[in-house]
Each structure stands twice: as structure tokens, then as C-alpha cells.
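Notes follow once the structure below has been shown.
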């Protein structure tokens, strides 16, 4: 089985993001960038499937600026075999990303595509579902467990009321939720090895995909800050305030 | 303009998130149609027809819609989409699963988690875990979006008189099938609909200690939630999780117990009307958003809170 994993370069989850003063976007200059945490889980799952003898090859794909090569190298250090970067400086929205990934999938012909369920920058939670739609494949979103049974893939999904299991025909698209696995720490020798793994660079035009954005961001701003309230000295005071001041109990 | 709202339901009951989504549709303006796709879901269709503001209810009843499989529901929505300017679904696990598939099949973008309608083509949505709000304009001919329930009031459930029409089902795509589910059983209100929520974090130390919170929750008629740390530690199931990647809630009262207040948790509860934090670490970030903070050992404070609530009740 061949697995494609998609990885996105995003502002590191530890960075406190701020809107630019002119409202045109968020400050990304001199900000630490990392692999989207949900995509790390996706890579980890692919590597575990390979270690379990279920997958033969793992291809890590990223889309965006040249620096996305770093993100791909991280995936290679985790255990992916080779990388593909679709390089562009253009703004890529989820539909365009899904179209580019479909074009890559048409070339690579994977049996399974694993992505993170959402990226922590735009929080869109769309790309996996859109990719499955464009390919006409089954989708297993918000996955917390994968289990191969005969010729199907059973996916346990995190849903609002608890967990749900669906059986998917392969090929399929999976999006990883938090509890699918805990990604490994990358070891230095593997980082060195990853530098020698192949990484192909393509352009959107090579794939014949129009990536023109459909949505225009008119402005971004920070929401009104919530003010810290008061500290109370006892449970009795707390209950009194909630009852007589806030009127919520 | 005409708007299609995809109903959230379990074939028996129409879920409250649908009502908030109808309100968002009302704010966009135009005729509102609600689609109920399910199996044996006639009662849901009748309930949808009573919602104030809804003009028409479409029902697609087939076994392969029973479990809201995205592959099948999306294929259905696409056959109906032509006549609509907007397609809305609640930003629930179901809506998030299905709607991007609809958008891609229609070759349009999707707006996720809309929290404000500025105009029929311009909307506000949170990005970066709600640290930033983006105002976004769509140029697509059909605007597809999921709606964050807590950002819109619920439409009235009675007083409407929509007509109900049946639409033909699209054949089963045969890509996926439902195997089973493990739903958390609880007599407490649902997190996203609760007036009061009592949530526990890593400070709870153990799943068994959530009993302390359940005791307080039952006295308040509250739902019980948790931080990601508590869910990851296995104290409680995933559906308890409040946060950027869990449930987004906005109750009248949110009591955070042993929760430090990571950004991703705050993203899920900072729109609560009143926030209480109980934490022994007075530097915990949760205190920066709390209306009432109590620096205390939760294992002392929570049982005490329970007793105080008894006293309050006794005092009438």
C-alpha cells in the first residue's frame, strides 16, 4: 500500500498570534513556523502503518512557499520516504489545496491519503473532505483509530456525542484527530538521513490547477479582550457573588 | 435569495444547532428551506416545519441517510443546490464532515464557523483559535458555510408553518457504511446547549475525581466538560472536550476547575457570559479571563461548593 500524507507549514502553536495594525493579516514576520500539529499526527500514523508492514511507501506533500521544504524534511525525518512540494507564493485556500492534492494523487496513485483534520492557522477543517469529494473517494474524518479488515478500512471517528465507526472502501481519505496517536520526537540521525531523501518540486501550472482564491479577506482584527474580574477569598463569597451579583445561580 | 439549511438530527429529534443556523439564514435574508436527510425522520421534518422563518422543508428518506454519511448526504445536497444562493449547516461534527464535500463538488469555497453575517456575501469567522477574527467576502455563486451555534440565538421552535415536500434519494454511493457507535450516555444537558457548564482539567488528577464535578453539576443542572489535557490523559471521553478542536460553548456560567487556560481551551469557552476559575496556581492564565477567580485546592473547594449550593437551595 502506498500512502500520501499532506503537511502544512503554519505559525508554531506556541506563538501568540497578533493581527497587523493595518488589519490586512496577521504578523508572520520573524515568527517561528512548524508543521501543523494535526499533520504530524497524520505523518505518524502513516509511519506506524509502514512499521506494521501495511504500507510500502510514504510520500509527503506540501504546498506553498519554498520554505515548505523544511516541513517536508520534518516528515521525511519522521519516516516518510520522499517528498513533493508544489511551490507557489500565491495564497492557497482549501479548495485550491484540495485540487492540487488531487492532481498529485492522480500522478502518485496512493491507496490512502492522510491529512490533519484542520490547520491551526485558518482553522478551516475542509481540505480532506474536499479532496475526497474531488477524487470521488470515501472519507474518514476526525479519525481516532484505523483498523484494516478484509478489503475495507474501519475508521473510528470523534463525533459530538462520542465515537462512531465507519467502514470505508479503499482508496480513501483520512483526516487525523488529536487522539489517533502521539507523534514521535525526531532524532538527529534521522534528520541527517532525511536530507538525502528525494524531494521533487512542482509548480501549480505543471499540474494544470487554477489556484485563484474565491474568498477575499477584507480585514482581520483581534476580538475584544475579556477583562479579568475579581479574585474571591472563599467559596462562600463565590456562591454569594454568583447568586446576588451575577444572578447566574 | 434563497437559502438551504441542512438540518442536524438523529432521525428522531431535531438538534438545537439547526435553530441557530436558521437564525443565521434569517440574517442573510431570503426564503429559507430546511433539508432533512435521514431514515424514518418524519418527526424531524414536522419539527423543522414549525421553526419560525422556515418556508419549506425537504425530506429525503432512505436507509443510506440514516447515519449522515458524508458521501451520501453530500451527493444529495448537490442535486438540490442549483436553486440556492446559500447553503448552511451547523458547525457540528456532522456539518463539518459533510459541507466541505458539498462545496468541492459545487466547485465553490466554504466558510467555516461563521460567527457574524455582515451582508449576504460578507461574513466574520475566527482564525488562529479565535485569537483573530477575519471578515471575508465570497465571490462564489453559491455561498457554502458552516455556522457556529453559540454566535446566533436559536430560532423559535413553534409558530412556523412550512410546507413539507419529499425529494427523491440519490443512490447509495457505496463508498462507506456505518459500523457502530459508542455514544456517551448522560442525563445531563448537552454541552453546546447547557445554561451552565462545570469543566475539569489536568488538575483533576484522575477520571474518578470528576465525580466531584458531576455532583456540583447535578445541583446546578449543568453539563460537565473538560479541557484537552483531561481528555488526553484519559480522565473523560473525547466528547467532553471544550476548545478550539473540541466543542465551542457559550453558556451563562462556565466553571473551570483545575484548568490552566491554554489558548486552545480559551478558544472554546471565552464567550461564556460569566466565567469562574478555581485553580491552586494563581498565575494560571485562566484567571485572566475569569470574572470570579478562586485560588484554592480544588479538592477542598469543590466539595465546599457543593455544600454551599445545598445551603443556597435550602435558603430558597
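Chains as they are written, first to last, in this note's numbering: chain A, 60 to 308; chain B, 942 to 1257.
In this text, a Cβ means the ideal position worked out from N, Cα and C, and glycines have one as well.
Proximity to residue i [Cα-Cα], best of the options
i	options	result
residue 277 of chain A	A/75, A/83, A/62, A/67	A/83
residue 909 of chain B	B/1157, B/1067, B/1079	Absent from the structure is residue 909 of chain B, since the part of chain B shown begins at 942 and ends at 1257.
residue 1137 of chain B	A/306, A/125, A/257	A/306
residue 1218 of chain B	A/271, A/129, A/288, A/302	A/288
residue 1142 of chain B	B/978, B/956, B/1221, B/1131	B/1221
residue 65 of chain A	A/73, A/201, A/79, A/101	A/101
residue 1072 of chain B	A/280, A/63, A/253, A/300	A/280
residue 1153 of chain B	B/1084, B/1115, B/1242, B/1106	B/1242
residue 117 of chain A	A/63, A/227, A/166	A/63
residue 1031 of chain B	B/966, B/991, B/982	B/966
residue 88 of chain A	A/95, A/79, A/202	A/79
residue 1135 of chain B	B/1213, B/1049, B/1199	B/1213
residue 1248 of chain B	B/964, B/1235, B/1204, B/1160	B/1160
Outcome for residue i when other beta-carbon atoms lying within 10 angstroms are tallied against a minimum of 16
i	result
residue 885 of chain B	The question about residue 885 of chain B has no answer, for chain B in this structure spans 942 to 1257.
residue 234 of chain A	buried
residue 45 of chain A	Residue 45 of chain A lies beyond the stretch modelled for chain A, which goes from 60 to 308, so this question has no answer here.
residue 206 of chain A	exposed
residue 275 of chain A	exposed
residue 1201 of chain B	buried
residue 73 of chain A	exposed
residue 133 of chain A	buried
residue 1228 of chain B	buried
residue 1185 of chain B	buried
residue 185 of chain A	buried
residue 110 of chain A	exposed
residue 1104 of chain B	exposed
residue 1145 of chain B	buried
residue 974 of chain B	buried
residue 208 of chain A	exposed
residue 244 of chain A	exposed
Residue i - containing beta strand (DSSP E), residue span
i	result
residue 1057 of chain B	1057-1060
residue 1204 of chain B	Unbroken run through residue 1204 of chain B is the alpha helix (DSSP H), 1204-1210; no beta strand (DSSP E).
residue 1038 of chain B	Premise fails: residue 1038 of chain B lies in the alpha helix (DSSP H), 1034-1047, not in any beta strand (DSSP E).
residue 215 of chain A	211-218
residue 168 of chain A	Per DSSP, residue 168 of chain A belongs to no beta strand (DSSP E) and is neither H nor E.
residue 271 of chain A	Per DSSP, residue 271 of chain A belongs to no beta strand (DSSP E) and is neither H nor E.
Straight-line Cα distance separating residue j from residue i
i	j	result
residue 175 of chain A	residue 97 of chain A	4 angstroms
residue 1090 of chain B	residue 140 of chain A	42 angstroms
residue 298 of chain A	residue 1174 of chain B	30 angstroms
residue 216 of chain A	residue 1133 of chain B	19 angstroms
residue 1112 of chain B	residue 1011 of chain B	13 angstroms
residue 161 of chain A	residue 146 of chain A	15 angstroms
residue 1051 of chain B	residue 158 of chain A	14 angstroms
residue 240 of chain A	residue 103 of chain A	7 angstroms
residue 1163 of chain B	residue 1129 of chain B	7 angstroms
residue 1040 of chain B	residue 302 of chain A	42 angstroms
residue 982 of chain B	residue 237 of chain A	33 angstroms
residue 291 of chain A	residue 282 of chain A	27 angstroms
residue 148 of chain A	residue 127 of chain A	11 angstroms
residue 167 of chain A	residue 1047 of chain B	25 angstroms
Collapsed DSSP secondary structure at residue i in the structure displayed
i	result
residue 298 of chain A	helix
residue 1229 of chain B	helix
residue 1019 of chain B	helix
residue 1117 of chain B	strand
residue 229 of chain A	coil
residue 998 of chain B	strand
residue 123 of chain A	strand
residue 175 of chain A	strand
residue 986 of chain B	helix
residue 1009 of chain B	coil
residue 151 of chain A	coil
residue 1025 of chain B	coil
residue 92 of chain A	strand
residue 1165 of chain B	strand
residue 146 of chain A	strand
residue 68 of chain A	strand
residue 1200 of chain B	coil
residue 992 of chain B	coil
residue 303 of chain A	helix
residue 201 of chain A	strand
First through last residue of the alpha helix (DSSP H) which encompasses residue i
i	result
residue 193 of chain A	186-194
residue 1240 of chain B	1239-1256
residue 1109 of chain B	Run containing residue 1109 of chain B: none; DSSP gives neither H nor E here.
residue 962 of chain B	958-969
residue 63 of chain A	No alpha helix (DSSP H) holds residue 63 of chain A; the beta strand (DSSP E) holding it covers 61-65.
residue 1130 of chain B	No alpha helix (DSSP H) holds residue 1130 of chain B; DSSP gives it neither H nor E.
residue 249 of chain A	247-254
Residue i Cβ short of 7 angstroms to the ligand FAD heavy atom set
i	result
residue 126 of chain A	In terms of ligand content, the structure shown is empty, and the ligand FAD therefore cannot be addressed.
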